[in-house]
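What the sequence shown shows, in the working numbering, is residues 270 to 664, in sequence order. Note that beta-carbon positions come from the ideal geometry of N, C-alpha and C, so glycine has one too. Predicted model only: the values in this text are computed from it and were never measured.
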Amino acid sequence: MFVTAALGAVILLTNRRPGELCRSLRDNPHARILIISLLLPFFAILLVETLHGRVVANTLDSPVRFLLATLVFLGLRRIVDVMPTWTDLAFATGAICAALMAWYSTADLLAARAESSFLNPIHFGDIAILLGSLSLVSIHWLSHDKPWIVAFKLIGGAAGCYASWASQSRGGWIVLPCLLIIWLLWQRQPGGMKRRLTIALIGIALLASTFASQVVRDRFEMIRSDLVNLSAGDANTSTGIRVELWKAAGRLIAQRPLLGQGAHGYRDAMPGMAASGQLTPLAADLGKGEVHNQILAYFVDYGLLGLLCIVGIYAGPAIFFMRSARLSTGHVQNRAALMGLMTVVAFAVFGLTVETFNLKVTVAFYATMLALFAAFAYPVGSPADDETPASPAGR
């Protein structure tokens, strides 16, 4: 991502007209919202840690990547018109590679759940299902795809679903209905509402058919079983531990709601909470790794400012993509805004049960996708630069 950001900076500074960037940001509130939401985490977390008197370098890894995404966005939006049309094959290619990795992981390495050397099963499955979904939505995006390209993207969608199934990551399965609803409600789609409803019904039927899989049924049955055990006093289950960790986060937030516990505050509180009986030793040990909720993770460590940052990381880009869709007149821009919004919603859902920004690869993926789709949705010279609203294009 650092190389991409460097290239974005070079493009941004090359052949630009004086005042172009400032004028664009001044005249377009939705662009300002996106930039501010990407810059805020770095400066806010740095401020909070400074006030705590302890700045920890590795806690700034994720915020720095959001900051770099602004350079990628501002540079890339200048050249999207000359990017090759095969660019949108990246999603299908990524999903197919994930499927091959899932097959190798489970068939050759005999792993119980598909994963890779740098992604655990949860993050692996989440990214795979998102790539598969984007592969499907990218059909006829940058050009009218030839039949073999359509087939390749359909295979990419199926491959992403297979990799997610093999990972047994329930977060990815839960996000599919959300993405389907966004796609269904999105306006200015090819074809009429009748065609979209037909495709949506097919999608719902395919989703329902997944419960024919014993793996899927077992994973959802595990939630019910865990909740029964939790109500009986046994918190040492997958779901039970998450609930206990969230309760612990709530108690720590109540202690210091304004500035939070500081860098790694939640992790450092685990031994004491285990010793006092507030958490089981197993839950406390797992809590040293993560809170299993991205919003709580920022809130407990960085207080209200951290909460504002993490909500902004989701809400800011979402507002940008919806506004860009309303202002756009082109199919490419509108579809990019749709895919960007789907990416935001997917990561927001993923973050409800797992931290998505504590790994460099996942935060880099999210930040890069935001920059990519934002550049296509709001290129230099787009109608949004002149604030000339088109007919509503998004919801």
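- Item | Whole alpha helix (DSSP H) elements within the segment 341-429, 4-residue minimum | Counting only runs of 4 or more, we get 359-372 and 390-406.
- Message: Ignoring anything shorter than 4 residues, give me the alpha helix (DSSP H) runs that lie fully in the segment 564-652, in order along the chain.
- Response: Note on the segment 564-652: whole alpha helix (DSSP H) runs with a minimum of 4 residues are 600-619 and 629-646, in chain order.
- Grab the span of the alpha helix (DSSP H) containing W452 for me, first residue to last. Your numbering for residue 452 matches position 183 in the sequence shown. For W452, the enclosing alpha helix (DSSP H) stretches over residues R439 to L454.
- Task: Would you check if the distance between the CB atom of G572 and the CB atom of G529 is smaller than 7 Å?
- Result: By one-based count along the sequence shown, residue 572 stands at place 303. By one-based count along the sequence shown, residue 529 stands at place 260. Going by C-beta atoms, G572 is nearer than 7 Å to G529.
- Among the residues of its own chain, which have a CB less than 6 Å from the CB of G581, if the five just before and after it don't count? Taking the sequence shown and counting its residues from 1, the one referred to as residue 581 is at position 312. Non-local beta-carbon contacts of G581 in its own chain, meaning distances under 6 Å to residues more than five positions away in sequence, involve S306 and L309 in chain order.
- Message: Using only CA atoms, which one of V630, A615, S385 and L607 lies nearest to F645?
- Response: Working through the sequence shown from its first residue, we reach residue 645 at position 376. Per the Cα distances, L607.
- Query: Taking buried to mean at least 16 other C-beta atoms within 10 Å of its own C-beta, is G531 buried or exposed?
  - Reply: Taking the sequence shown and counting its residues from 1, one reaches residue 531 at position 262. G531 comes out buried.
- Message: Let's test the definition: count the other Cβ atoms within 10 Å of the Cβ of R486 and tell me whether it reaches 16, buried, or not, exposed.
- Response: Translated into positions along the sequence shown, residue 486 becomes position 217. R486 is exposed by the Cβ-count criterion.
- Message: Can you look up S545 in the DSSP assignment and give me helix, strand or coil?
- Response: Numbered from 1 along the sequence shown, position 276 holds the residue referred to as residue 545. Residue state for S545 is assigned as coil, using DSSP reduced to three classes.
- Alpha carbon to alpha carbon, what distance is there between P648 and R295? Within the sequence shown, the letter at position 26 stands for residue 295. Within the sequence shown, the letter at position 379 stands for residue 648. Straight across, the Cα-Cα distance linking R295 with P648 is about 16 Å.
- Message: Under 8 Å: do the segment 444-454 and the segment 408-419 share three or more Cβ pairs, one atom per stretch?
- Response: In short, these stretches do not touch, since the Cβ pair count stays below three.
- Query: By the 10 Å Cβ neighbour count, where 16 or more other Cβ atoms means buried, how is L466 classified, buried or exposed?
  - Reply: For the purposes of this step, residue 466 is taken as the residue at position 197 of the sequence shown. Under this definition L466 is an exposed residue.
- Outcome for M462 when other beta-carbon atoms lying within 10 angstroms are tallied against a minimum of 16: Residue mapping note: residue 462 aligns to position 193 of the sequence shown, counting from 1. In the assembly as shown, M462 is an exposed residue. Its beta-carbon has fewer than 16 other beta-carbons within 10 Å.
- Buried versus exposed call for I451 [16 or more other C-beta atoms within 10 Å across all chains shown]: As a first step, residue 451 is located in the sequence shown; it is residue number 182 there, counting from the start. Buried is the label assigned to I451, since at least 16 other Cβ atoms lie within 10 Å of its Cβ.
- Query: Is the beta carbon of P586 sitting closer than 7 Å to the one on V560?
  - Reply: The residue you call residue 586 lines up with position 317 of the sequence shown. The residue you call residue 560 lines up with position 291 of the sequence shown. Using a Cβ distance threshold of 7 Å, P586 and V560 do not count as a contacting pair.
- Query: Alpha carbon to alpha carbon, what distance is there between A504 and R569?
  - Reply: Against the sequence shown, residue 569 aligns to sequence position 300. Against the sequence shown, residue 504 aligns to sequence position 235. Position check: residue 569 holds Val in this sequence, whereas Arg was assumed. Answer to the nearest angstrom: the Cα atoms are 22 Å apart.
- Task: Could you tell me whether the segment 538-550 touches the segment 585-605, using the rule of 3 or more Cβ pairs below 8 Å?
- Result: No, because fewer than three Cβ pairs between the segment 538-550 and the segment 585-605 fall closer than 8 Å, the two stretches do not touch.
- Between the beta-carbon of I365 and the beta-carbon of G426, is there less than 7 Å? Locating residue 365 in the sequence shown gives position 96, counting from the first residue. Locating residue 426 in the sequence shown gives position 157, counting from the first residue. Taking 7 Å as the Cβ cut-off, I365 and G426 do not qualify as a contacting pair.
- Message: By the three-class DSSP mapping on this structure, what secondary structure does G666 have?
- Response: Outside the modelled stretch of the chain, which goes from 270 to 664, sits residue 666, for which no answer is possible.
- Query: In this structure, does DSSP put V512 in helix, strand or coil?
  - Reply: Translated into positions along the sequence shown, residue 512 becomes position 243. In the structure shown, V512 sits in a helix (DSSP, three-state: H, G or I).
- Message: Tell me which residues share the same chain as H533 and place their Cβ nearer than 6 Å to its Cβ, disregarding the 5 neighbours each side in the sequence.
- Response: Start at 1 with the first residue of the sequence shown, and residue 533 comes out as number 264. None.
- Environment of G650 [buried if 16+ CB atoms lie within 10 Å]: By one-based count along the sequence shown, residue 650 stands at place 381. Counting C-beta atoms within 10 angstroms of its own C-beta, G650 has fewer than 16 neighbours from the protein chains shown and is therefore classed as exposed.
- Helix, strand or coil at A518 [DSSP, three-state]: On the sequence shown, position 249 is the one that residue 518 refers to. It is helical.
- Helix, strand or coil for H533, going by three-state DSSP, please let me know. The sequence position of residue 533 within the sequence shown is 264, counting from 1. Coil at H533, not helix or strand.
- Task: Please name the residue in K629, T625 and C430 whose C-alpha comes closest to that of A566.
- Result: To locate residue 566, count along the sequence shown from 1; it is residue 297. Looking from the CA of A566, the closest CA among K629, T625 and C430 belongs to T625.
- Are A640 and V341 close, meaning C-beta to C-beta below 7 Å? For this step, residue 640 is matched to residue 371 along the sequence shown. For this step, residue 341 is matched to residue 72 along the sequence shown. Closer than 7 Å, so yes.
- Query: Does the separation of the CB atoms of S433 and P390 fall below 7 Å?
  - Reply: One-based indexing of the sequence shown puts residue 433 at position 164. One-based indexing of the sequence shown puts residue 390 at position 121. No.
- Query: Taking the alpha-carbon positions, what's the A636 to L358 distance?
  - Reply: For the purposes of this step, residue 636 is taken as the residue at position 367 of the sequence shown. For the purposes of this step, residue 358 is taken as the residue at position 89 of the sequence shown. Approximately 19 Å, taken between the alpha carbons.
- Query: If you scan the segment 291-333 from start to end, which runs of the alpha helix (DSSP H) of 4 or more residues do you find wholly inside it?
  - Reply: Runs of the alpha helix (DSSP H) inside the segment 291-333: 298-321.
- Item | CB contact flag (G440, D395, <7 Å) | As a first step, residue 440 is located in the sequence shown; it is residue number 171 there, counting from the start. As a first step, residue 395 is located in the sequence shown; it is residue number 126 there, counting from the start. Cβ distance < 7 Å, so G440 and D395 count as in contact.
- Message: Tell me which residues share the same chain as P540 and place their Cβ nearer than 8 Å to its Cβ, disregarding the 5 neighbours each side in the sequence.
- Response: Along the sequence shown, one-based indexing puts residue 540 at 271. Taken in chain order, the residues that qualify are A553.
- Between the beta-carbon of S374 and the beta-carbon of A380, is there less than 7 Å? Translated into the one-based positions of the sequence shown, residue 374 becomes position 105. Translated into the one-based positions of the sequence shown, residue 380 becomes position 111. By the CB criterion at 7 Å, S374 and A380 fall inside the cutoff.
- Task: Would you kindly check if the distance between the Cβ of S404 and the Cβ of A361 is under 7 Å?
- Result: The residue labelled residue 361 in the question sits at position 92 within the sequence shown. The residue labelled residue 404 in the question sits at position 135 within the sequence shown. Contact: yes.
- Item | Collapsed DSSP secondary structure at T506 in the structure displayed | As a working mapping, residue 506 is identified with position 237 in the sequence shown. Note: T506 maps to coil in three-state DSSP.
- Message: Taking a contact to mean a Cβ-Cβ separation below 7 Å, would you say F642 touches G609 in this structure?
- Response: Start at 1 with the first residue of the sequence shown, and residue 642 comes out as number 373. Start at 1 with the first residue of the sequence shown, and residue 609 comes out as number 340. Yes; because the gap between Cβ atoms is below 7 Å, this pair is in contact.
- A605 CB to nearest heavy atom of the ligand MG below 6 Å: Because no ligand of any kind appears in the structure shown, any question about the ligand MG cannot be addressed here.
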